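Novice: Sequential numbering of the sequence shown, starting at 190, is according to our numbering.
Idealized CB from N, CA, C, for every residue including glycine.
On a predicted model such as this, the values are computed, not experimentally measured, just so you know.
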Amino acid sequence: MIPLHVRAGWRHLIRHRWLTLLSVVGIALGVGVVIAVDLASTSARLALKTSMAAVVGEATHQILAGPEGLPETVYRDLRLGGVAMPLAPIIEATVSVADRPGQSFRLLGVDGTAEFAFGRGRMGRVDGNPGEESGGLLGAIRGVTQPGQVWISAQAAAALGVTSGDRLALRLPLGQGTVTVAGILPDSGADRDLSGLMLMDIAAAQELLAMQGRISRIDARLPEGATGEAALAALQARLLPGLRVETTGSRVRAMEGMTRAFEFNLMAMSLLALVVGLYLIYNTLSFAVVQRRPLLGVLRTVGVTRAQVFRAILIEALLLGAAGTLLGLVLGTALAQFLVGLVGRTINDIYYTLQISQLALSPWGLTKGVLLGLSGSVLTALPAAWEAARTPPRRVLNRSDLEARTRRLVPRLAALGLLLAAVVLPALLVWPSRSLLPVYAGLVALVLAASLVVPALTVGLMGLLMRVLPAGRALLLRMAARGVVRSLSRTGLAIAALTVALSTAVGVGTMIHSFRDSVSTWLERTLSAQIYVSPGGGAPRGARLPDSLLPTLAALPGMADVVGIRAAPIDTPDGPIGVSAATFRPLLRGALQLLDGDPTRAFAALADEAREVPAVLASEPLAWHRQLKVGDRLQLATDRGWRSFEVVGIYQDFGSDQGHLLMDERVFLQHWRRPGVTGIGLYLAPGADEAALVSQIQALATSDMPLSVMRTAGILAFSLQIFDRTFAVTGVLRLLTLIVSLVGVTSALMALQLERTRECAVLRALGMTPGQVRRWVTLQTALMGTVAGLLAVPVGLALAAVLTGAVNQRAFGWTIAFKVAPELLLQALILAVLAALIAGAYPAWRMGRTPPALALREN
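#1: Going along the chain, which residues of its own chain have a beta-carbon closer than 6 Å to the beta-carbon of I650, five neighbours each way excluded?
#2: What does a CB cutoff of less than 6 Å around R204 pick up in its chain, not counting 5 residues either side in sequence?
#3: Let me know the alpha helix (DSSP H) ranges lying completely inside the segment 610-691, each 4 residues or longer, listed in chain order.
#4: Buried or exposed: V751, going by 16 or more other Cβ atoms within 10 Å of its Cβ?
#5: Under a Cβ-count criterion, where at least 16 other Cβ atoms within 10 Å of its own Cβ denotes burial, should G870 be classed as buried or exposed?
#6: Under DSSP, the alpha helix (DSSP H) around G414 begins and ends at which residues?
#7: Looking at the strands, I want to know which residues DSSP matches up with I279.
#8: Near F433, what residues of its chain come up, given a Cβ to Cβ distance below 7 Å and the 5 sequence neighbours on each side ignored?
#9: Under 6 Å Cβ to Cβ from Q998, same chain only, skipping five residues before and after it: list those, please.
#10: Examine the Cβ distances between the segment 1024-1037 and the segment 959-979 and report whether three or more of them are shorter than 8 Å.
#11: So is D842 buried or exposed if we call it buried at 16+ other beta carbons inside 10 Å?
#12: So, helix, strand or coil for P319, using DSSP?
#13: With H, G and I counted as helix, E and B as strand and the rest as coil, what does DSSP make of M1036?
#14: Quick check: what's the CA-CA separation for V921 versus L635?
#15: Check whether the segment 630-647 and the segment 978-986 touch, using three or more Cβ-Cβ pairs below 8 Å as the test.
#16: Take V245 and list the residues in its own chain whose beta-carbon comes closer than 6 Å to its own, dropping the five residues that flank it on each side.
#17: Verify the contact flag: L850, CB atom, against every heavy atom of the ligand HEM, threshold strictly below 7 Å.
#18: On the premise that F834 lies in contact with P803, defined as a C-beta separation below 8 Å, what is that separation, rounded to the nearest angstrom?
#19: Out of curiosity, what's the CA-to-CA distance linking G1037 and V657?
#20: Report the rounded CA-to-CA distance for L484 versus V498, giving the unit in angstroms.
#21: What is the residue span of the beta strand (DSSP E) that M894 lies within?
#22: Contact defined as beta carbons within less than 8 Å: I believe A630 pairs with A610. What is the distance between those atoms, to the nearest angstrom?
#23: Going by CA-CA distance only, name the one from P659, L508, G350 and E257 that's closest to Q401.
#24: Excluding sequence positions up to five away, which residues of its chain have a Cβ less than 6 Å from the Cβ of L528?
#25: Going along the chain, which residues of its own chain have a beta-carbon closer than 6 Å to the beta-carbon of V559, five neighbours each way excluded?
#26: Secondary structure at I886, three-state DSSP: helix, strand or coil?
#27: Taking all protein chains shown into account, decide if D828 is buried (16 or more other Cβ within 10 angstroms of its Cβ) or exposed.
#28: Please report how far the alpha carbon of M312 lies from the alpha carbon of T867, in whole angstroms.
#29: Please name the residue, chosen from A807, R953 and L677, that lies closest to V768 on a Cα-to-Cα basis.
#30: Can you have a look at S323 and say buried or exposed, based on whether 16 or more other CB atoms are within 10 angstroms of its CB?
#31: Given a threshold of 16 other Cβ atoms within 10 Å of its Cβ, counted over all protein chains shown, does D288 qualify as buried or as exposed?
#32: Would the beta-carbon of G255 fall within 8 Å of that of I391?
#33: Rounding to the nearest angstrom, what Cα-Cα distance links Q887 and A880 in this structure?
#34: Are the CB atoms of S678 and T569 within a distance shorter than 8 Å?
#35: Just how far apart, CA to CA, sit L1053 and I216?
#36: Within the continuous beta strand (DSSP E) that includes G870, where are the two ends?
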């Protein structure tokens, strides 16, 4: 049989079903956001691993060179030289479909004879192939009779609307080409994803990509243990200068490392939503304990023990948490379907090409959400359960005792909050670590400090209002202000919840505004040319234009200077680095802001081809991640082997959070065979007709060389559009956090006002009209919202300062100028008052309609 005190608690939750429902929804949203972010991030990681598994097959190592690959004679010499291990030559490139901008594929050219040892071709039956009876896909590849035949996955074929025999126009890294769909690969398996892959014969791939005589890499499969180590040592001893051997796993780890900070920040935002949801559980149970103080006192006097009361409150919390967590699993899975698209788009915009074909339902991710929801609900209920159990029955029945103890606690809570803000927060921010954990702990300390100081500031603001109001005037406003202070045990909690919610919105919004302003300023300074030309037609990442285009553009009338930019990912012992090269003429030098290093000496060193150690400029993020300073040296894998480069300056750059190197074009071409330019900046002579030049350049485009021609203003607008897309995920999470917060605050204010039904009935009995009651309740909720809005502004700005100055610095290495957006602060204040008024609308209406006799009746 269920004990009486447990049934009494359940009946209370059922009687106040709307408040209970709001609590369940709040925790469901919090848990759902955490699960959604975790599933989206897990799906991205799994898509990377499965797509790489399709590319590397069973290879354990790869023989690599520079960005243009290695001579195919290396493979021949190794095979003829008796290397006792499976080897396979590979052509690999990123291509895109010409009439589907943004639809990129990894083109893989393989040798059908060598591939049997690597498993890439053991994919079962392949539809539409004349040679499938002789070994599946590899048999088909060996039986190729026409150049330009490719095999694509069933998912890709459905997305592109093609079948066997159809032709596809592709944008290549250098130019454009046409291929024929020779067959459809079977659906992707659990261990490898073929949806972003195009397979073709290696000779055909060489012809298509203009790589005759060269290959991208050589895959090798080495045994484990001592035998494998000996084989690896023997292989390395046979390699020519400029070649190196890497494990296949290191490539995946390097790519995962690019997005680690991005995923960490997403998870921090989602946990913030959960914290707000748990705040809601705390609010609900605290109000439930306050509302049931008379009932709890009666139960205690008839023999219910402290332990029984304590357990009953925790059981209620567990039930609320379980209901919210179950709903959160459903909401989180549905939300993840939406977030995975935003996460994938951000990864493609900033880091690397990746197709996330499906949502990965991670058992651990779902379990983590369940554990967070249940444990968080119980932990946040502990203070309320302790309050209900520890108070003697006589004091439980005395309402004024609770308020008196609350007012005595206010100075102590404020002192503890100030201690957290003045001592703990600075200590965490200056903690000698590059980890983000101390910074996020500092954010939690700041939020907690704000919550502890809110009651004291509320008392102070209400006292100030009472002093400025004219004597004998604004009676209802005076009563509302006194009511806020008189019921501080309840109003303080509601105001603190709303303050935390709005300050979070202000902090994240101000950080994004500051970041966007810094990026905009950087772009305006960096984009020094008037016109920019780049590969068009939905070109894949890393696409280039032919060098022959540079003199053609320079010959156009009105052209003052033409600067070509060469870029390539270059390997280092610690992972790949993006390297760009140009001739640093005076106009281009002015576009760079050096944060460390002497500009005159730095640019002179860059142009010095005779330097024993070539000079480079390192971007601020690269310097942060690799702990570089002026004078340090970097090892880069060149076409002639490893070579040292000296850092002569650190420059500001928001183009990549992984970092970048800049060097002189002539130095670049000395070390890497990299024909073609990734972009061209055009500087016009005074008085030149910019519009006419744009038209002339566009006329140079051909089907094999589509061009994207943009003016500086267009580049700026497009770049900021990419920025906004990057923060779309953060914006969604911020909105969801705010929704969770508003749900929580609405439930808290509704509980507070409904609890005052008896107080309002007394006022009605003394002559107050229903309209006056409604105005009194509305004024009180408006005052609470105003206080929360006013306090949210400084707290939000403090959060923004930490996010801008510490989180971004440690996560990405950027220095961002702090800038306040007044409209965000005004929005927070208006939103606070509106939330409070909405929350108080129903109680005000109900109190105005409830007959005094009914409200005064004891339960």
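Specialist: The answer reads as follows:
#1: In the sequence as displayed, the identity of residue 650 is Leu instead of Ile. Cβ neighbours of L650 beyond the five flanking positions: V976.
#2: none
#3: 614-618, 626-657 and 664-675
#4: buried
#5: buried
#6: G414 to R427
#7: V299 and R406
#8: Position check: residue 433 holds Arg in this sequence, whereas Phe was assumed. Answer for R433: L253 and A826, listed in chain order.
#9: none
#10: yes
#11: buried
#12: Confidence is the limiting factor: at P319 the pLDDT is only 43, short of 50, which leaves the residue's position unreliable and the question unanswerable from this model.
#13: helix
#14: 23 Å
#15: Flag = yes, the segment 630-647 and the segment 978-986 touch.
#16: Excluding sequence neighbours, V245 sits near T437.
#17: Absent from the structure shown: the ligand HEM. Ligands present: none.
#18: 5 Å
#19: 29 Å
#20: Going by the C-alpha atoms only, they are around 11 Å apart.
#21: Unbroken run through M894: none, as it is neither H nor E.
#22: Rounded, the Cβ-Cβ distance is 14 Å, inconsistent with contact.
#23: Residue E257 is the option with its Cα nearest to Q401.
#24: A225 and A229
#25: T514
#26: helix
#27: buried
#28: Summary for M312: the model assigns pLDDT 47, below 50, so the residue's position carries little reliability; its value from the coordinates is reported in the next sentence. Their backbone Cα atoms lie some 36 Å apart in a straight line.
#29: A807
#30: Only weak support exists for where S323 lies, its pLDDT of 40 falling under 50; the value from the coordinates is given anyway. When all chains shown are included, S323 counts as exposed.
#31: exposed
#32: no
#33: 11 Å
#34: no
#35: Because the chain spans 190 through 1048 in this model, residue 1053 falls outside it and cannot be assessed.
#36: G868 to L873
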